[in-house]
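Undergrad:
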Amino acid sequence: MKALVLGNINSKWVKEYIEYVLLPLGHSITVLGNVQNCKYKDFYLGNSITINKEVKARGIIGRIPFLRVISSSSRIVNRNHWDTYDVIINMFVNYRDLRICKKIRSSNSKIILYYTGSDLLRKNKLQLWINRALIPDPDYIVVGSSTLAEAMKNKYPLDTEFEIIRFGISAFESLDNYKNDKHPALSNNCFCIGYSGVREHNHIDVINIFDKIPSDLKKEIKLVVPMTYAATQEYIEEVKLKLDRTGIKYNLPTHFMDNDAMAEMWSGINFFINAQTTDSLSASVLEALYAGAVLVNAAWLDYPEYKEFGIKYLRFNSYEELFDILIQVLTQKTDYSSYIASANLKKCMSWQSAKENWSGLFSRFDNA
0 MKALVLGNIN SKWVKEYIEY VLLPLGHSIT VLGNVQNCKY KDFYLGNSIT INKEVKARGI
60 IGRIPFLRVI SSSSRIVNRN HWDTYDVIIN MFVNYRDLRI CKKIRSSNSK IILYYTGSDL
120 LRKNKLQLWI NRALIPDPDY IVVGSSTLAE AMKNKYPLDT EFEIIRFGIS AFESLDNYKN
180 DKHPALSNNC FCIGYSGVRE HNHIDVINIF DKIPSDLKKE IKLVVPMTYA ATQEYIEEVK
240 LKLDRTGIKY NLPTHFMDND AMAEMWSGIN FFINAQTTDS LSASVLEALY AGAVLVNAAW
300 LDYPEYKEFG IKYLRFNSYE ELFDILIQVL TQKTDYSSYI ASANLKKCMS WQSAKENWSG
360 LFSRFDNA
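Going letter by letter, the sequence shown gives residues 0 to 367 in numbering that gives the first Met the number 0.
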């Protein structure tokens with residue numbers, strides 16, 4: 000089967016989806032991107048994956064979002080050779096890739112829209128209506144969690160069949176190595192705030208709550224604020240300034256981390272604070288929980304899968320309640336061992352399970 004994957008080739012998730020799903024299933028794969036600037040260049044070239052060149056709009060047009068989408072998608076279509084694909088998979092759905100898909104699809108191409116998180120949850124109905132106008136008849140829609148499935152019903156009603164297929168987590172092996180007491184917790188009060196440099200993780204609001212903690216308790220705290228991707232330098236500096244003013248020890252990683260580096264970081268976390276605006280089913284959060292962190296979760300983030308995974312968590316409805324939880328954690332000797340994620344998580348979030356589900360979906364093409 001010939002597959003075209005439209006998504007960011009610098010994304011770990013695009014790379015791992017190809018590595019653990021499409022390649023084992025024997026697909027011939029084409030992607031779109033700039034290979035010279037790709038951190039996974041060796042992976043794509045080493046696996047004989049065709050890389051069509053990404054072309055960006057320039058000048059004034061490049062500064063106007065609507066015109067940028069039209070110009071870049073047209074130039075990409077015209078300057079590349081496109082095969083006749085059995086399936087075109089739009090990962091992290093966006094306007095540009097939908098326009099490309101619309102222009103190059105053949106009469107036999109199956110179109111899959113693969114919504115994974117913010118590409119659905121952080122879009123309003125108008126934005127999703129534009130998606131629908133660009134590709135009014137996708138063959139399948141895949142979402143990565145129950146939260147996304149519910150959002151699909153409410154925000155983007157379509158007659159198209161859709162189903163839930165979760166991402167896998169490739170870091171379990173590395174996490175198991177660090178869980179064997181090789182790297183004990185940095186302290187008993189090491190808190191992680193979010194997992195990326197996106198403003199919607201509300202780092203500043205959470206740091207402000209830590210700043211209100213009495214000085215004698217601040218001495219017992221270490222903060223970890225990962226900014227390893229999706230952060231602007233301006234926002235990193237803004238977060239750093241806030242952290243400096245708290246007087247609390249902190250680590251602010253800003254460089255890309257592989258699975259071993261991430262596992263080492265997660266192994267030192269005692270509590271993971273998840274206060275982002277929206278989320279579907281973050282693998283980064285699950286990695287931290289599998290490594291032994293206790294989740295402190297905002298009430299506006301709902302995860303139906305957590306019951307299946309056997310995950311308990313501390314819940315806050317407001318930042319005032321988060322402050323109360325932090326004071327409780329710092330002043331009371333509470334046993335949180337029952338909050339540690341069970342081994343069931345590893346089975347539920349394996350790439351093997353994801354591959355089997357995708358294989359079942361692809362098999363329907365042959366029977367259609």
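For each residue, glycine too, the CB sits at the ideal point set by N, CA and C.
In this text the structure is predicted, and so the values were computed from the model without any measurement.
1. How many Å lie between PRO135 and ILE324 at the Cα?
2. Considering just the uninterrupted stretch of the beta strand (DSSP E) at GLU320, what are its terminal residues?
3. Contact between the segment 63-70 and the segment 100-115: three or more CB pairs below 8 angstroms?
4. Whole angstroms are fine: how far does the CA of TRP12 sit from the CA of LEU315?
5. For the 8 angstroms Cβ check, are there 3 or more pairs between the segment 235-249 and the segment 274-289?
6. Excluding the 5 residues preceding and the 5 following CYS191 in the sequence, name in chain order all residues of the same chain whose CB lies nearer than 6 angstroms to its CB.
7. Check for me: the beta strand (DSSP E) holding CYS37 runs from which residue to which?
8. Should the segment 301-311 be regarded as contacting the segment 248-256, the criterion being three or more beta carbon pairs within less than 8 angstroms?
9. In the DSSP assignment, find the unbroken beta strand (DSSP E) run with GLU162 in it and report its ends.
10. Taking one C-beta from the segment 157-172 and one from the segment 194-201 each time, how about it: are there three or more such pairs within less than 8 angstroms?
11. For ILE59, is the classification buried or exposed, using 16 other Cβ atoms within 10 angstroms of its Cβ as the cut-off for buried?
12. Use the C-beta contact count for LEU44: other C-beta atoms within 10 angstroms, 16 or more gives buried, fewer gives exposed.
13. On the DSSP letters alone, give me the boundaries of the alpha helix (DSSP H) that PHE308 sits inside.
14. For a quick check, are the C-beta atoms of ILE111 and VAL142 less than 8 angstroms apart?
TA: Taking the coordinates as given:
1. 47 angstroms
2. No beta strand (DSSP E) contains GLU320, which is instead part of the alpha helix (DSSP H) from 318-330.
3. no
4. Going by the sequence as given, residue 315 is Phe instead of Leu. Each residue's alpha carbon lies about 30 angstroms from the other.
5. no
6. VAL223, ILE268 and PHE271
7. Premise fails: CYS37 is in no beta strand (DSSP E) and is neither H nor E.
8. no
9. 161-163
10. no
11. exposed
12. exposed
13. 304-308
14. no
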